[in-house]
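Presented below is the structure to which this report refers.
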Amino acid sequence: PLDYEDPIQRDGFTLGIRVYDGRYYATTKLYIELQDRNDNPPVINGPQYVQLHEDAWLGKEVAKFTVQDADENDTAV
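Spelled out as C-alpha cells, the structure:
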C-alpha cells in the first residue's frame, strides 16, 4: 500500500512504463504525487501489467484501479 508517512514515498513516486510493439521498445516515466493529510494510507488495487495493442482506438480504457481510504470526511480519497 502507499503510505504518505513513509519518507521514501512522502512526495510521490515514479512509475516506469515500457511498451513493446513486437519489434521496438519505448519507455517513459510517470510521476505520481501523493496527497494525504492523515494517518490511514490509501490502498490502491489494480493490475501490475497492462497490454495495449498498437491499433487501439483513441479513448480506449487501458486499466482500471480502485482506491480505498479508511479516513473519513474531506481527508478520505
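Quick note on numbering: my numbering labels position 69 of the sequence shown as 270, and the sequence is numbered without any gaps.
Built from N, CA and C at the ideal position, the CB exists for glycine as well.
In this text, all values refer to a predicted model and were calculated from it rather than measured experimentally.
query	result
So F214 and N246 are supposed to be a Cβ contact under 8 Å. How far apart are they, rounded?	Between N246 and F214 the Cβ distance is about 17 Å, and since that is not below 8 Å, they are no contact.
Taking the CB atoms as reference points, tell me whether A271 and N241 lie closer together than 9 Å.	yes
Which of the three DSSP states, helix, strand or coil, is assigned to Y232?	strand
Given this structure, state the Cα-to-Cα distance separating K261 from D207, to the nearest angstrom.	34 Å
Going along the chain, which residues of its own chain have a beta-carbon closer than 8 Å to the beta-carbon of D212, five neighbours each way excluded?	E234, L235
Per DSSP, which residues does V268 bridge with? Please list them.	I245
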